[in-house]
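Engineer: Okay, here's the structure, questions in a sec.
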Amino acid sequence: MLSFLKIRNLALVEDVTWELGAGLVGVTGETGAGKSIIVGALKLILGERADRSLIRTGQDTCTVEACFHLRNTRAVDAVLEEAGLEPCQEGELLIKRAISAGGANKQFVNCSPVTIQVLKSLGELLVDLHGPHDHQSLNSQERQLEMLDQFSGCEEGLAAYQEAWKGWRAAVAELAELENSERAGSQQLDMLKFQVNEIASAGLKPGEEEEIGARHRIAANGARLAELCGAITGRLAGEEGGVLDALREIGRSIHELEKIDPGTAKMFEGFQSALIELTDLESSVQEYAEDLETDPAELARLDQRVTTIQALKRKYGSSVEAILDFQAEAEAKLAKIENRGEELERLGRLVKERRAQVDKQARLLSDKRSKAAPKLAREVAAHLADLGFKRSVFEARLNRLEEPGRHGLEEVDFQFAPNPGEPLKPLRLTASSGEMSRVLLAVKSALAKQDIVPLMVFDEIDANVGGNIAEAVGRKMASLGGTHQVIAITHFPQVASLARTQFVVTKDIEDNRTRSTIREIAGDERVEELARMLGGRLESAREHARALLAAGQGGV
4 MLSFLKIRNL ALVEDVTWEL GAGLVGVTGE TGAGKSIIVG ALKLILGERA
54 DRSLIRTGQD TCTVEACFHL RNTRAVDAVL EEAGLEPCQE GELLIKRAIS
104 AGGANKQFVN CSPVTIQVLK SLGELLVDLH GPHDHQSLNS QERQLEMLDQ
154 FSGCEEGLAA YQEAWKGWRA AVAELAELEN SERAGSQQLD MLKFQVNEIA
204 SAGLKPGEEE EIGARHRIAA NGARLAELCG AITGRLAGEE GGVLDALREI
254 GRSIHELEKI DPGTAKMFEG FQSALIELTD LESSVQEYAE DLETDPAELA
304 RLDQRVTTIQ ALKRKYGSSV EAILDFQAEA EAKLAKIENR GEELERLGRL
354 VKERRAQVDK QARLLSDKRS KAAPKLAREV AAHLADLGFK RSVFEARLNR
404 LEEPGRHGLE EVDFQFAPNP GEPLKPLRLT ASSGEMSRVL LAVKSALAKQ
454 DIVPLMVFDE IDANVGGNIA EAVGRKMASL GGTHQVIAIT HFPQVASLAR
504 TQFVVTKDIE DNRTRSTIRE IAGDERVEEL ARMLGGRLES AREHARALLA
554 AGQGGV
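The numbering used here applies: residue 4 is where the sequence shown begins, and numbers increase by one.
Now the structure itself:
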């Protein structure tokens with residue numbers, strides 16, 4: 004569950020730490036007090052887009068922190084591992100988001116920096132948030148199919164089907180590409196042959212460009228290299244007295260000095276080795292100069308080779324290796340085209356084999372769905388009856404597709420008739436916004452056992468229902484609170500009275516600044532808040548509030 008939410012400098016909130024418990028948590032307050040800020044803070048934690056205009060006036064940054072305690076961390080740990088992070092310790096997950104007016108936004112999970120995408124991936128596992136218009140997701144037939152699959156427990160079967168479907172579609176695409184290449188005719192064939200022959204005739208070898216370049220630089224600069232070598236050997240051992248002659252004269256002086264004072268020998272220990280090294284250097288430079296190639300024909304051959312490589316690089320790749328890769332790909336395409344008949348046969352067989360796998364997995368998937376659809380419909384209808392639709396009809400209708408789709412051989416269409424005597428019609432065409440909110444709650448209730456997301460947030464989804472129905476909505480939320488942590492932001496006292504704990508959001512003015520705060524209320528304070536929600540603080544309203552509270556807490 005969400006154990007605490009800390010908000011700083013977000014809209015009207017200056018500094019709030021909200022600690023909350025399990026079950027149904029009610030959040031109330033007057034219109035405009037700032038209840039929506041809670042939802043805004045949660046959305047930031049879930050990785051939604053940050054609006055810098057929400058930063059409190061006069062502040063540079065706003066931060067939101069949330070701590071979740073999880074019984075099962077397997078799915079969350081998988082996301083963390085993929086992001087290169089350590090798994091949760093003792094089931095605790097801490098998320099922090101910092102929004103800066105200057106644009107340097109940051110987000111952290113367990114104190115480690117992460118990307119927004121990681122937050123979104125975690126958010127899908129942690130919070131199921133529904134606002135006044137979120138029931139519109141029920142209009143999506145793809146989302147309806149996801150709900151049916153979740154209810155039927157066929158996620159593994161769907162994954163197996165989609166793997167087979169992707170393989171089949173890849174084979175179909177490959178076959179179509181070959182058939183299209185056949186229709187392209189001889190022009191493509193001639194082009195591929197030309198490309199392969201042009202590269203092959205050059206006889207390129209990996210690493211050749213570096214070797215040829217080095218040899219070309221030496222051959223092209225032979226005269227200058229010989230000149231530099233002559234200058235070096237001239238200084239070392241020239242006829243007019245070079246460094247080596249001078250060193251040998253110094254050596255004779257050192258020898259005579261050591262004879263007179265043997266104690267100076269240590270001073271000149273390195274002299275002889277220096278003389279030997281310089282003598283070897285002179286010999287090496289001389290040999291290098293003698294080996295220099297000055298053959299004009301060799302230089303011309305290297306020039307031609309460099310030109311050939313550069314021309315091929317302009318056409319086929321930025322390096323010799325890239326050119327050879329292009330050649331290999333062109334040869335593979337050429338082989339496919341030249342052996343088109345055999346390849347067409349092979350791909351035709353592959354398409355049939357993979358289609359058979361698709362059909363096999365699709366039948367298994369369809370069987371599970373066809374068994375689960377009426378069960379889901381019955382459960383949703385039972386929850387709808389609790390929510391005031393005593394004689395409504397709900398059906399999860401499966402419609403078979405002509406060709407296998409990404410999600411199987413069928414699509415689902417939720418059909419609904421809210422009143423007796425009316426024909427079943429697609430849910431998206433029949434339900435009003437108030438009815439859709441209750442249908443959403445009924446579906447979520449039917450999926451409660453399969454739903455692994457620990458926190459459900461309902462933001463005023465009871466906005467378009469009446470008092471008696473509001474109580475039914477509240478009881479359904481309280482029932483969901485038995486398996487999930489549920490936050491209900493509501494204006495209805497019938498809903499708030501059923502919450503295990505109730506928090507009130509208030510807006511105060513201090514030092515000409517407006518601040519929103521949230522605090523838990525109980526006892527007389529809770530009675531007063533429910534009386535306010537009932538429309539007044541007369542004793543009759545308080546008595547009504549006490550009765551609601553007694554009935555609500557007794558029934559939770």
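Beta carbons are placed, not taken as given, at the ideal position from N, Cα and C, and that holds for glycine.
1) Which residue spans inside the region 387-461 form an unbroken alpha helix (DSSP H) run of at least 4?
2) Please identify the residue among E182, A303, Q190 and D264 whose C-alpha is closest to the C-alpha of R220.
3) Short of 6 Å in beta carbon distance, which residues of its chain neighbour L367, apart from the five on each side in sequence? Order them along the chain.
4) Quick one: what's got a C-beta closer than 8 Å to A292's C-beta in the same chain, skipping five residues either side?
5) When you compare only the Cα positions, how much space is there between D306 and A335?
6) For K371, tell me which candidate among N75, Q153, M4 and V117 has the shortest Cα-Cα distance.
7) Whose C-alpha, out of Y164, L195 and T118, is nearest the C-alpha of E341?
8) When you compare the region 346-362 with the region 389-398, are there three or more beta-carbon pairs, one atom per stretch, that lie closer than 8 Å?
9) Does DSSP classify L47 as helix, strand or coil?
10) Less than 8 Å between the CB atoms is what I'm expecting for G35 and T509, so what's the real figure, rounded?
11) When the distance is taken between beta carbons, is R400 closer than 8 Å to D416?
12) Which residues mark the beginning and the end of the beta strand (DSSP E) in which F495 is found?
13) Buried or exposed, going by whether 16 or more other CB atoms sit within 10 Å of the CB of G411?
14) Is S103 closer than 8 Å to D63 when the C-beta atoms are compared?
15) Label A457 either buried or exposed according to how many other C-beta atoms from any shown protein chain fall within 10 Å of its C-beta, with 16 as the threshold for buried.
16) Taking the alpha carbon of H133 as the point to measure from, which residue in I41, I257, A525 and Q198 has its own alpha carbon closest?
17) In this structure, does DSSP put E259 in helix, strand or coil?
18) Alpha carbon to alpha carbon, what distance is there between L122 and V460?
19) Based on DSSP bridge pairs, tell me the residues matched to A491.
20) Can you tell me whether P496 is buried or exposed, with buried defined as 16 or more other CB within 10 angstroms of its CB?
21) For C91, write down the residues that DSSP places opposite it in a beta bridge.
22) Out of curiosity, what's the CA-to-CA distance linking A548 and L501?
23) Find the nearest neighbour of D462 within the set G477, L450 and A451, judged by alpha-carbon distance.
24) From the DSSP secondary-structure annotation, give me the bridge partner or partners of D131.
25) When you compare the CB positions of L260 and E285, do they come within less than 8 Å of one another, or not?
26) Relative to the C-alpha of S155, which candidate in L23, S373, L404 and A359 has its C-alpha closest?
27) Taking DSSP as the reference, what is the three-state secondary structure of P299?
28) Pick helix, strand or coil for E513, following the three-state DSSP scheme.
29) Could you check the C-alpha separation between A365 and Q147 for me, to the nearest Å?
30) Heavy atom of the ligand ATP less than 7 Å from the Cβ of A553, yes or no?
31) Going by the CB atoms, is the gap between L8 and A44 shorter than 8 Å?
32) Could you give the first and the last residue of the continuous beta strand (DSSP E) run that contains A69?
33) To which residues of the same chain is K99 closer than 6 Å at the C-beta, ignoring the five residues directly before and after it?
34) Looking at V323: is its Cβ nearer than 8 Å to the Cβ of E145?
35) Report, in whole angstroms, the separation of the C-beta atoms of T493 and E523, which I expect to be a contact under 8 Å.
36) Roughly how many angstroms separate the alpha carbons of I464 and A491, rounded to a whole number?
Structural biologist: The structure says:
1) 430-433 and 436-449
2) As a position in the sequence shown, residue 220 is number 217, starting the count at 1. Here the closest residue by C-alpha is A303.
3) As a position in the sequence shown, residue 367 is number 364, starting the count at 1. Answer for L367: G160, listed in chain order.
4) By 1-based counting over the sequence shown, the position of residue 292 is 289. Excluding residues within five positions, the ones whose Cβ falls inside 8 Å are L228, A229, C232, G233 and T236.
5) Here residue 306 corresponds to residue number 303 of the sequence shown, with the count starting at 1. Here residue 335 corresponds to residue number 332 of the sequence shown, with the count starting at 1. Taking the straight line joining both Cα atoms gives about 32 Å.
6) In the sequence shown, counting from the first residue as 1, residue 371 sits at position 368. Nearest option by C-alpha distance: Q153.
7) Start at 1 with the first residue of the sequence shown, and residue 341 comes out as number 338. The candidate whose alpha carbon is nearest that of E341 is L195.
8) no
9) The residue labelled residue 47 in the question sits at position 44 within the sequence shown. Of the three classes helix, strand and coil, the one that applies to L47 here is helix, per DSSP.
10) Translated into the one-based positions of the sequence shown, residue 35 becomes position 32. Translated into the one-based positions of the sequence shown, residue 509 becomes position 506. Wrong, their Cβ atoms sit about 11 Å apart, outside the cutoff.
11) The sequence position of residue 416 within the sequence shown is 413, counting from 1. The sequence position of residue 400 within the sequence shown is 397, counting from 1. Yes, they are a contact pair.
12) The residue labelled residue 495 in the question sits at position 492 within the sequence shown. DSSP places F495 outside any beta strand (DSSP E), giving it a letter other than H or E.
13) Here residue 411 is taken as the residue at index 408 of the sequence shown, counted from 1. The residue is buried, with at least 16 neighbouring Cβ atoms inside 10 Å.
14) In the sequence shown, counting from the first residue as 1, residue 63 sits at position 60. In the sequence shown, counting from the first residue as 1, residue 103 sits at position 100. Yes. Within cutoff.
15) In the sequence shown, residue 457 corresponds to position 454, counting from 1. In the sequence as presented, Ala is not what sits at residue 457; that position holds Pro. Label assigned to P457: buried.
16) Working through the sequence shown from its first residue, we reach residue 133 at position 130. Of I41, I257, A525 and Q198, the residue nearest in Cα terms is I41.
17) On the sequence shown, position 256 is the one that residue 259 refers to. Helix.
18) For the purposes of this step, residue 460 is taken as the residue at position 457 of the sequence shown. For the purposes of this step, residue 122 is taken as the residue at position 119 of the sequence shown. Our two residues, V460 and L122, have alpha carbons roughly 18 Å apart in a direct line.
19) Locating residue 491 in the sequence shown gives position 488, where the first residue counts as 1. A491 is bridged to G29 and F461.
20) Indexing the sequence shown from 1 puts residue 496 at position 493. Result: buried.
21) Taking the sequence shown and counting its residues from 1, the one referred to as residue 91 is at position 88. According to DSSP, C91 bridges with nothing at all.
22) Residue numbering aside, residue 548 sits at position 545 when the sequence shown is read from its first letter. Residue numbering aside, residue 501 sits at position 498 when the sequence shown is read from its first letter. If I take the Cα positions, the gap works out to 12 Å.
23) On the sequence shown, residue 462 is found 459 positions in, with the first residue counted as 1. Closest by alpha carbon: G477.
24) The count along the sequence shown starts at 1 and reaches residue 131 at position 128. Answer is M459, bridged to D131.
25) Numbered from its first residue, the sequence shown carries residue 260 at position 257. Numbered from its first residue, the sequence shown carries residue 285 at position 282. For L260 and E285, no; Cβs fall outside 8 Å.
26) Translated into the one-based positions of the sequence shown, residue 155 becomes position 152. Among L23, S373, L404 and A359, the Cα nearest to that of S155 belongs to S373.
27) The count along the sequence shown starts at 1 and reaches residue 299 at position 296. The answer is helix: DSSP assigns P299 an H, G or I state.
28) The residue given as residue 513 occupies position 510 in the sequence shown. Strand.
29) The residue labelled residue 365 in the question sits at position 362 within the sequence shown. The residue labelled residue 147 in the question sits at position 144 within the sequence shown. Straight-line Cα distance between these residues: approximately 18 Å.
30) This structure lacks the ligand ATP; in fact it carries no ligand of any kind.
31) Counting from 1 along the sequence shown, the entry for residue 44 is found at position 41. Counting from 1 along the sequence shown, the entry for residue 8 is found at position 5. Cβ atoms of A44 and L8: closer than 8 Å.
32) In the sequence shown, the residue the question calls residue 69 occupies position 66. Segment T64 to H72, the beta strand (DSSP E) holding A69.
33) Position 96 of the sequence shown, counted from the start, is the residue given in the question as residue 99. For K99, where only same-chain residues beyond five positions count, the Cβ hits under 6 Å are E68 and F111.
34) The residue labelled residue 323 in the question sits at position 320 within the sequence shown. The residue labelled residue 145 in the question sits at position 142 within the sequence shown. In this structure, E145 does not lie closer than 8 Å to V323 by Cβ.
35) Translated into the one-based positions of the sequence shown, residue 493 becomes position 490. Translated into the one-based positions of the sequence shown, residue 523 becomes position 520. Actually they do not touch by this definition, with Cβ atoms about 16 Å apart.
36) Working through the sequence shown from its first residue, we reach residue 464 at position 461. Working through the sequence shown from its first residue, we reach residue 491 at position 488. Using only the alpha carbons, I get a separation of about 9 Å.
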